[in-house]
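Reminder that position 20 of the sequence shown reads as 10 in our numbering, one-by-one numbering, no gaps.
We treat Cβ as the ideally placed atom computed from N, Cα and C, and that holds for glycine.
These numbers were taken from a predicted model, which means no experiment stands behind them.
This report refers to the structure that appears directly beneath it.
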Amino acid sequence: MESFVEHIFVLLGASALVIAVFFLVFHFSPVRTLPSMVTLRVKAILGILAATFLTVVSVVLSVRYNHELQQLFPNIFEYGVLPAVSLGAVILLSFLICFVFKYEKAVWLHRNPKRSRLMLQAVNHTFKVKGVSIGSIDGINNGRGISFSWFDGRFIAAGKHKVTFQFYTYRKLRRYAAMDIVYTKDITMEFLPGAVYMVEARPGSKNFYVTRDMKRSI
């Protein structure tokens, strides 16, 4: 029983650490949004889901066979099986996800040598986030293939595109933190190779303000 209680406290401590890191990163770093899986190829998404499933299975098995593993590997699991397995599995999963995104990004950039960058506004408050997202590009949901989600926005293939921009809000730490789409607007424009486009919401007029920078590196 004591061992189980210790494991619970370890998991609670790890969760608190993750929340603290999340708060620090998104309040004191220039990064406002992380890459999203919505523009990944299907096989990449399936790979991440499979790895996540295996991570959960490994943690469940470590709980089920906790005593047996401690007897077989007393030196490795000196401080308990669950903390060691959980930490190792999460680290491996994190590295795998980072690798998948880096690889998929390299593939997309290779296929789209002429590209632009969309920097999407995101305002991160303590309990609420609001910003700009992309609903579709040229009628393709999430703009998969035409664009690639990256930090603070997207890469997008150069050329003329019809983009559906969305102004969204959502509250953190809610049981169901679904994104609330406040309004959308279709904007058709020519995206120049090497250009960076900053997109900001104008909630008062339910519009979007787009500026272009040809000097900024994409």
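Each residue's CA atom was taken as its position, placing Lys104 and Pro183 some 5 Å apart.
For Ala41, the enclosing alpha helix (DSSP H) starts and ends at 32 to 54. Annotated three-state conformation of Phe91 is helix, per DSSP. Note that the C-beta distance between Phe145 and Trp98 is below 8 Å.
Nearest Cα to Thr154 within the set Ser76, Phe91, Ile127: Ile127. Following the DSSP letters along the chain, one finds Phe155 inside the beta strand (DSSP E) bounded by residues 149 to 161. Taken in chain order, the whole beta strand (DSSP E) runs of length 3 or more contained in the stretch 118 to 152 are 118 to 127, 137 to 140, 143 to 147. Arg192 and Gly143 do not touch by the CB rule: their CB atoms are close to 18 Å apart, not below 8 Å. With respect to the C-alpha of Glu190, the residue from Glu180, Phe181, Thr174 having the closest C-alpha is Thr174. For the pair Ala185 and Met169, the Cα-to-Cα distance works out to about 29 Å. The DSSP-derived three-state label of Ile81 is helix.
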